[in-house]
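In this note's numbering, the protein residues as written are 320 to 988. A virtual CB, placed ideally from N, CA and C, is assigned to each residue, including glycine. Quick caveat: nothing in here was measured; it's all calculated off a predicted structure. First up is the structure itself, then whatever we jot down about it.
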Amino acid sequence: MERSVDLPIHKHPLYHSSRFINGRCRGCKQTSPIYSGYRCNDSDCNHVWYHKECGESLPEINHPSHLEHPLCLIDYRGSGTCAFCGAFLFGPTYHCWICAFNIDIACARKQLPPLAAIENPKCHNHSLVLLEKQVKKDHCGVCKKTVFGMYPYVCLECDVYFHVECINIPREVHHSSHTNHTLELFGSESLPDSAQKTCLLCDDVSDHLIYHCSVCNFSICVYCAINPPPLAIEHLKTHEHTLTLLPRQVKFICNACGMKGDGCPYFCLGCGYLIHRKCIDLPRVININRHDHRISLTHHLGLQYSECGVCRQSVNGYYGGYSCSLCPNYVVHPQCAMKDDVWDGIELEGTPEDSEQDTAPFEVVDDNTIKHFSHEKHNLMLNKNGIITQHDEITRCQACVLPLSSDPSYSCGQCDYVLHETCANLPRKKRHVFNNKPFTLHTGGKDSSRNWFECDACRTISNGFRYVSGDWILDVHCGSMSEPLLHDGHSHPLYYYRRQGKSCRSCHNKVVKPRVLCCDTCDFDLDFYCANLPKTVKHCYDEHPLSLCHGEDDVIKDNKYWCDICETETDPKKWFYTCYDCGVTLHVKCVLGDFSRLMPGRNINVDGREYEVVPNSKSSRPFCDQCHSRCKDRFILKAWNNCNVVNCNLCVDVYICSRKCRQPFHLRH
């Protein structure tokens with residue numbers, strides 16, 4: 320990897336990059352093409368890029384708008400606004416320590432204040448006057464965007480306002496990428512539907528201004544007109560020869576990624592090599608959230624690959640892509656790997672891989688004994704024969720909070736700590752589709768104020784282990800899922816999508832969060848809660864194990880299905896639990912309840928109120944304090960009273976049967 324440089328604009332070392340990026344500069348906050356800029360490769364940052372001129376911002380400047388004192392470059396974390404544009408400030412800002420004067424990076428480069436008046440502006444037919452006051456007007460006379468902040472220009476005759484940076488935009492340009500004709504400035508809405516409205520250099524789709532050649536139907540955005548891309552590039556990691564810009568719209572297949580292009584590629588005159596400009600200087604080694612291993616850039620994949628591991632579309636083996644050295648059939652399109660929600664932005668060339676000891680959840684003591692990171696004070700012993708009686712709801716795995724049943728498990732001989740063998744092997748770090756950064760396994764704690772959480776995928780509340788990445792929290796059920804998901808409830812593999820308005824095939828509910836598991840072959844969608852329903856469960860209503868039934872499409876008319884727990888009708892087209900010995904049918908909600916992923920006997924604190932998780936196993940079920948019905952779920956919450964008297968005869972146990980009932984109870988108490 321190239322050498323890093325320390326620049327005052329950023330807290331981490333920055334690397335110079337020859338890559339073309341259509342993104343947001345962390346310096347000027349402008350979303351525009353970035354070429355030959357700077358990037359941060361630190362794991363604490365996520366796709367941080369700077370324009371070259373923004374990255375090289377001086378630590379101190381003397382600005383004509385504030386000649387009294389120098390302005391220092393700081394990492395601003397206040398609540399102020401820029402003295403000129405009125406935008407809220409965050410991050411790199413020029414600041415006066417004496418006057419508390421602040422100006423953002425973009426405005427600092429404008430050399431304000433500008434001329435008091437312009438007699439013959441390029442952008443308007445009348446003279447313009449500078450206003451030295453804050454304004455907010457609907458539309459700039461040039462770019463049509465909102466005029467907000469100080470120092471706008473106004474035409475007093477027409478009552479039209481202009482951004483300072485817009486008044487100097489020329490009506491016509493002679494551009495190096497299109498030397499045959501002059502490019503004229505148009506509002507994109509004024510061009511005919513057949514006109515090219517996408518910038519052929521950076522692929523930006525302009526909704527305001529665009530430079531256009533009406534003879535050739537050639538268009539470029541304002542940014543590329545002012546900051547033209549280089550006509551030739553030498554980048555040996557991409558190609559061994561000089562790459563030259565082909566300044567015309569052509570259809571081609573990019574040699575770097577194998578995908579079709581429809582714009583102005585760079586090409587090699589000697590060997591006919593064609594490449595998207597965004598494929599120049601692709602990172603060599605990266606991690607993505609769809610795969611557990613590193614993947615490396617390969618210039619020629621070969622014909623053994625079939626489909627991309629991200630989009631699942633076909634891969635052309637005659638061209639380049641990313642492949643895994645450990646998984647011989649895994650490959651990803653470069654454009655799929657570069658997506659912000661797939662790649663974490665960290666280039667790994669020259670960086671050693673994490674050793675297995677860094678991610679292993681336990682140390683092996685002997686064949687049947689381990690020291691697990693979650694329980695380091697005692698060793699855990701393996702039991703492969705099952706140690707739990709037929710119906711023990713209390714003894715549960717500390718990680719997944721499910722009963723042990725007869726599954727192999729590790730247990731502590733000195734305390735009640737138990738883990739399924741599969742849960743003991745959960746990796747301490749893993750990749751997941753919910754975030755481009757890795758997830759870390761956390762155990763929580765017994766402190767009731769912070770030992771429970773709501774899974775961001777299935778919305779189940781739990782106090783078991785959880786995978787955490789930034790603001791994301793997943794229980795180990797959702798955190799362990801990977802693509803493709805092979806589910807007993809469907810014949811085809813399922814994949815993760817972010818889609819609105821989908822209905823779950825299991826419960827028929829609309830998916831609340833736009834994250835769903837979908838089938839690429841047919842119209843089948845499953846939410847994360849239903850995807851993790853246990854295949855078999857034990858319940859006090861039946862002596863036999865209950866099995867998950869994936870609905871019945873061929874239902875005989877007038878046949879009624881009844882839930883033996885709530886004694887109401889069930890919809891046989893929805894998934895339900897059944898006993899194949901007794902023929903009973905039970906709602907999923909009635910069997911599992913809202914609190915089945917909370918460890919029995921533990922206390923949790925919700926909104927300052929203390930609750931104990933208790934099994935609902937008494938012959939006489941208690942009444943819920945909120946809905947006044949008998950509690951039917953397997954586990955319920957017992958609200959702690961505020962009385963400090965031990966065994967107080969005046970205090971009555973208060974029970975909550977569901978999450979729906981807990982909220983009104985909290986408000987009343």
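Using CA atoms only, rank isn't needed, just tell me which of F407, V835, V752, V720 is closest to V795. The sequence position of residue 795 within the sequence shown is 476, counting from 1. Cα-wise, what sits closest to V795 is V720.
For S507, which of helix, strand or coil comes out of DSSP? Within the sequence shown, numbered from 1, the residue matching residue 507 stands at position 188. In this structure, S507 counts as helix in the three-state DSSP scheme.
If we ignore side chains and look at the alpha-carbon of each, how far apart do V541 and K455 end up? As a position in the sequence shown, residue 541 is number 222, starting the count at 1. As a position in the sequence shown, residue 455 is number 136, starting the count at 1. V541 and K455: Cα-Cα distance of roughly 23 Å.
What do you get for K330, buried or exposed, if any count of 16 or more other CB atoms within 10 angstroms of its CB means buried? Counted from its first residue, the sequence shown places residue 330 at position 11. It counts as exposed.
Check R396 in the structure and name its three-state DSSP category. Indexing the sequence shown from 1 puts residue 396 at position 77. Three-state DSSP puts R396 in coil, outside helix and strand.
CA nearest to the CA of N421, picked from C442, D926, H388, E773: If you number the sequence shown from 1, residue 421 lands on position 102. That would be H388, whose Cα lies nearest to the Cα of N421.
Looking only at its chain, what residues have a beta carbon closer than 6 Å to the beta carbon of K570, apart from the 5 residues adjacent to it on each side? Walking along the sequence shown from the start, residue 570 turns up at place 251. Taken in chain order, the residues that qualify are D581.
Can you find a heavy atom of the ligand NAP that lies under 6 Å from the Cβ of H694? As presented, the structure is devoid of all ligands, the ligand NAP included, so that no description of it is given.
Use the C-beta contact count for L555: other C-beta atoms within 10 angstroms, 16 or more gives buried, fewer gives exposed. Numbered from 1 along the sequence shown, position 236 holds the residue referred to as residue 555. Exposed, because fewer than 16 other Cβ atoms sit within 10 Å of the Cβ of L555.
Simplified DSSP state of I424, which is helix, strand or coil: The residue given as residue 424 occupies position 105 in the sequence shown. Looking at I424 - three-state DSSP - the assignment turns out to be helix.
Is the number of C-beta pairs between the region 889-897 and the region 743-753 that are closer than 8 Å three or more? no
Comparing C-alpha positions only, which one of Y592, G591, C442 sits nearest to L528? Along the sequence shown, one-based indexing puts residue 528 at 209. When each option's Cα is compared against that of L528, the closest is C442.
Delimiting residues of the beta strand (DSSP E) encompassing G582: Residue numbering aside, residue 582 sits at position 263 when the sequence shown is read from its first letter. Counting along the chain, the beta strand (DSSP E) containing G582 begins and ends at 579-582.
Between H612 and the rest of its own chain, which residues show a CB-CB distance below 6 Å, the 5 nearest in sequence each way excluded? By one-based count along the sequence shown, residue 612 stands at place 293. Taken in chain order, the residues that qualify are C643, L645.
If you draw a straight line from the alpha carbon of R949 to that of Y974, how long is it in whole angstroms? Translated into the one-based positions of the sequence shown, residue 949 becomes position 630. Translated into the one-based positions of the sequence shown, residue 974 becomes position 655. About 10 Å.
Just to confirm the assignment, what range does the alpha helix (DSSP H) spanning P653 have? Position 334 of the sequence shown holds residue 653. 653-656 is the span of the alpha helix (DSSP H), which, as asked, contains P653.
Closer than 8 Å by C-beta to F942: which residues in its own chain qualify, once you throw out the five before and the five after it? Chain order, please. For this step, residue 942 is matched to residue 623 along the sequence shown. Within the same chain, F942 has close Cβ partners S948, R949, C950, Y974.
Quick check: the Cα distance between Q709 and T678, rounded to an integer number of angstroms? Numbered from its first residue, the sequence shown carries residue 709 at position 390. Numbered from its first residue, the sequence shown carries residue 678 at position 359. Low per-residue confidence applies at Q709: pLDDT is 45, beneath 50, and the placement is therefore not dependable, though the value from the model is reported in the following sentence. The straight-line gap from Cα to Cα measures roughly 35 Å.
Among L836, Y786, S822, nearest to L805 - alpha-carbon criterion: Position 486 of the sequence shown, counted from the start, is the residue given in the question as residue 805. That would be L836, whose Cα lies nearest to the Cα of L805.
Could you tell me if W416 is buried or exposed, where buried requires 16 or more neighbouring beta carbons within 10 angstroms of its beta carbon? By one-based count along the sequence shown, residue 416 stands at place 97. That one is exposed.
Quick test of the definition: if touching needs 3 or more C-beta pairs under 8 Å, does the region 661-673 touch the region 582-592? no
Considering Cα atoms alone, identify which of Y334, C391, Y848 is closest to K371. Numbered from 1 along the sequence shown, position 52 holds the residue referred to as residue 371. For K371, the nearest C-alpha among the options comes from Y334.
Nonlocal neighbours in the same chain, by C-beta distance under 8 Å from P803, ignoring five residues either side: Within the sequence shown, the letter at position 484 stands for residue 803. Within the same chain, P803 has close Cβ partners P812, L813, Y814.
Apply the 10 Å Cβ neighbour rule to C418 and answer buried if 16 or more other Cβ atoms are within range, or exposed otherwise. For the purposes of this step, residue 418 is identified with residue 99 of the sequence shown, where counting begins at 1. That one is exposed.
Answer with buried or exposed for P647, where buried requires no fewer than 16 other C-beta atoms within 10 angstroms of its C-beta. In the sequence shown, the residue the question calls residue 647 occupies position 328. With fewer than 16 other Cβ atoms within 10 Å, it is exposed.
Thinking just about the alpha-carbon of each residue, which of E773, G763, H694, S724 is nearest to the one in D735? Reading the sequence shown from its first residue, position 416 is the one you call residue 735. When each option's Cα is compared against that of D735, the closest is H694.
If you follow the beta strand (DSSP E) that K749 is part of, which residue opens it and which one closes it? The sequence position of residue 749 within the sequence shown is 430, counting from 1. Its beta strand (DSSP E) spans residues 748-751.
Limits of the alpha helix (DSSP H) - the one that G902 falls within: Locating residue 902 in the sequence shown gives position 583, counting from the first residue. First-last for G902: undefined, no H or E at that position.
Residue nearest to A743 in terms of C-alpha spacing, selected from N754, Q717, C797: For the purposes of this step, residue 743 is taken as residue 424 along the sequence shown, with counting starting at 1. When each option's Cα is compared against that of A743, the closest is Q717.
What does DSSP give as the partner residues of D685 in its beta bridges? As a working mapping, residue 685 is identified with position 366 in the sequence shown. Paired residue(s): T688.
For the region 495-515 against the region 464-483, do three or more pairs of beta-carbon atoms, one drawn from each stretch, fall closer than 8 Å, so that the two count as touching? no
Express the C-alpha separation of Y638 and N574 in angstroms, rounding to a whole number. Counting from 1 along the sequence shown, the entry for residue 574 is found at position 255. Counting from 1 along the sequence shown, the entry for residue 638 is found at position 319. Cα to Cα, the separation comes out at about 5 Å.
Pull up the CB-CB distance for N702 and S728, whole angstroms please, since I reckon it's below 8 Å. Sequence index remark: in the sequence shown, residue 702 carries index 383 (1-based). Sequence index remark: in the sequence shown, residue 728 carries index 409 (1-based). Their Cβ separation, rounded to whole angstroms, is 6 Å, which keeps N702 and S728 in contact under 8 Å.
With C-beta atoms as the reference, is S525 less than 7 Å away from S509? In the sequence shown, the residue the question calls residue 525 occupies position 206. In the sequence shown, the residue the question calls residue 509 occupies position 190. Not in contact: S525 and S509 (Cβ atoms no closer than 7 Å).
Assumed close pair N698, T714 - CB separation to whole angstroms, cut-off 8 Å: Your numbering for residue 698 matches position 379 in the sequence shown. Your numbering for residue 714 matches position 395 in the sequence shown. With a Cβ gap of about 19 Å, N698 and T714 do not count as contacting.
Could you pull the start and end residues of the alpha helix (DSSP H) that Y860 belongs to? Taking the sequence shown and counting its residues from 1, one reaches residue 860 at position 541. Y860 -> no alpha helix (DSSP H), and no H or E assigned at all.
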